[in-house]
Structures are given as C-alpha cells and as structure tokens.
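Taking numbering that gives the first Met the number 0, I'd label the letters of the sequence shown as residues 0 to 248.
Beta carbons are placed, not taken as given, at the ideal position from N, Cα and C, and that holds for glycine.
Since the structure comes first, as structure tokens, the remarks are kept for the end.
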Amino acid sequence: MSLILAIDSGNSFIKWGIHDGIQWQALNKVAIKNITTLEAQWVNLSVKPTSIVISHVSNQFIRDKLSDLLSVWPISVHWVKSIPFQCGVYNGYTDPHQLGCDRWMSLIAARQYLFQQSCLVINVGTALTVDCLSDSGQFLGGIIFPGPYLMLRSLEENTEQLEAEIGSYQDFPSCTNNAIFSGVIQSALGAIERMRSLFSVQLQRPLKNCIVSGGGAHLIVPYINFPITIIENIVLEGLAIVAKESGQS
C-alpha cells in the first residue's frame, strides 16, 4: 500500500498526516517550538510512509530541522511550490511562484471538494487569508492580514495599558477585554464580508460557496452570517491531492 506523509509546516504549528490515497490513517500537530517531539511521533508510527510531501512557509531553520527528522526514512522529500497550473487550478498571481504554497494547496483542495464551483477560501491561522477561486478554476487573487491571535498579541505588545486577554464577543462591548476581542472579530468578519461582496460583483451573481479552515477558525465561525463549509486541515488535503496526481500514492 502506498502511504503519503503530508506535512503542513506553518508559522505557528506543524500539522501532519498519513494518507493512503483514500483517507487519513493518522493526523496530528505540534507547535513550532515543540518540533523535536515529531521524532518520537514518527518513529512510533504503526505504518511507514512511502512518499513525503511538504508545504513549508516557516523559516529555514525549521526546514532544516524537518529535513533532519525525515532522514530516518530513505525517501525523497517533495517540497511543494506554487506553479502556474496544477490539479485544475490556474494561478492568477503576477508571479505564480510568489503565492504561498499553503494557499496554493488550499485552493487545490477547494477545487476538488466543490466539484469545479466558484468559492471563497478562508484560512484562519497566524495570518488570515481570503482567496477567490472561479468556476473555471482561476485563482483571481486574495488578501492577507493578521489572524485573530496575531491581532491580539500585537495590541498587547504595542499598547501600554491594554492587556489583550481573550474576552467575549458583544455587539456593543461594555468592558475593555470584550471591546478588544469584539474588535478583532469584527475586523476579520469585515474583511471577509467585503471580499465576498467584491467576488459576487465579479461573478455577476451572489457567491454561494465559502470554505473555512485553520486553527483560529473557531473564533470567527460562530459570527459568520452566511453559509460556510468547514474543512479541517485543508492544506493537508491539498497535499494529498497533489501527491495522488503525481503518482505518489
């Protein structure tokens, strides 16, 4: 049996999974600061990968550390990059290679999941990205801005008297913690809703599909007032699709 080890090396977490070409056999994640714990997790796997595919947006030190950890298996590692066309998706970036490979994998996963329908692809991590994918598979572009936790941390680090502890969302906040948290949520929702509106104008019809993923998604999902589909580990899903198309599974 062919088994893919897919790794999503992000800014804050490393997510990984073993995929058999049909479904996930194992899924896990570790914080970047705990990257060394991956050695024990991978050594103790009951199944061993036959191919390895990685989306990496973190720094060179983490890339080098991953390479060391993966050397336990005599398998070549495929570090994915964004390219002009792959798995039915056309890359609309001026320089296609500049698009983050995590966003590229997310678009590929969204394209397959929605069976060639246009959609908004939202990934809520350290950064929050909102990307537009057309019916024909054209990535039209998207935006990047700080994710909820990064916004909170930025406020805490750059203000003298504000402690950005997580409060509760309120339409009309009546204490500072709630005001901060509500402001963060409304900032994210406002950007998402504006992109949804602009995309609907571009399509010349109301946008029906919206996919949400990422570790911070649970913070904003309760306040989104239009239909969404939640896909856990969307980058890993894209990696599995790419590996399968390239014959690695």
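Once you ignore the five residues that flank R62 on each side, which residues in its own chain have a CB closer than 7 Å to its CB? Here residue 62 is taken as the residue at index 63 of the sequence shown, counted from 1. So the list reads H55, once near-sequence residues are dropped.
Look up C118 in the DSSP assignment and say whether it is helix, strand or coil. As a first step, residue 118 is located in the sequence shown; it is residue number 119 there, counting from the start. Strand.
Residue from T49, N208, I219 and I13 whose Cα sits closest to the Cα of C118: Looking up residue 118 in the sequence shown gives position 119. It is N208 whose Cα lies nearest to the Cα of C118.
If we ignore side chains and look at the alpha-carbon of each, how far apart do D130 and Q201 end up? Counting from 1 along the sequence shown, the entry for residue 130 is found at position 131. Counting from 1 along the sequence shown, the entry for residue 201 is found at position 202. Each residue's alpha carbon lies about 13 Å from the other.
Less than 8 Å separating the beta-carbons of L44 and A30? Indexing the sequence shown from 1 puts residue 44 at position 45. Indexing the sequence shown from 1 puts residue 30 at position 31. Going by C-beta atoms, L44 is not nearer than 8 Å to A30.
Counting only runs of 3+ residues fully inside the region 120-190, write out the beta strand (DSSP E) ranges in chain order. 126-132 and 137-145
Between E236 and D19, what straight-line distance do the alpha-carbon atoms span, to the nearest angstrom? The residue labelled residue 236 in the question sits at position 237 within the sequence shown. The residue labelled residue 19 in the question sits at position 20 within the sequence shown. So the two alpha carbons sit approximately 12 Å from each other.
By DSSP's criteria, C209 is part of a beta bridge. Which residues make up the other side? Along the sequence shown, read from residue 1 onward, the residue named residue 209 stands at position 210. DSSP output for C209 lists L119 as bridge partner(s).
For S81, collect the residues of the same chain with a Cβ closer than 8 Å to its Cβ; drop the 5 residues on either side in sequence, then sort them by chain order. Residue 81 sits at position 82 when you count from the first residue of the sequence shown. For S81, where only same-chain residues beyond five positions count, the Cβ hits under 8 Å are N90, Y92, P95, H96, Q97, L98, G99, C100, R102 and W103.
Go ahead and label P83 buried or exposed: buried means 16 or more other beta carbons lie within 10 angstroms of its beta carbon, across all protein chains shown. Taking the first residue of the sequence shown as position 1, residue 83 is located at position 84. Exposed.
Jot down the residue ranges of each uninterrupted alpha helix (DSSP H) in the region 33-109, minimum 4 residues, whole runs only, in chain order. 37-42 and 59-69
Nearest-angstrom beta carbon gap, V46 and L2 [assumed within contact, 8 Å]: Position 3 of the sequence shown, counted from the first residue, corresponds to residue 2. Position 47 of the sequence shown, counted from the first residue, corresponds to residue 46. Contact flag correct, Cβ pair sits at about 6 Å.
Are three or more beta carbon pairs between the region 221-237 and the region 8-15 nearer than 8 Å? yes
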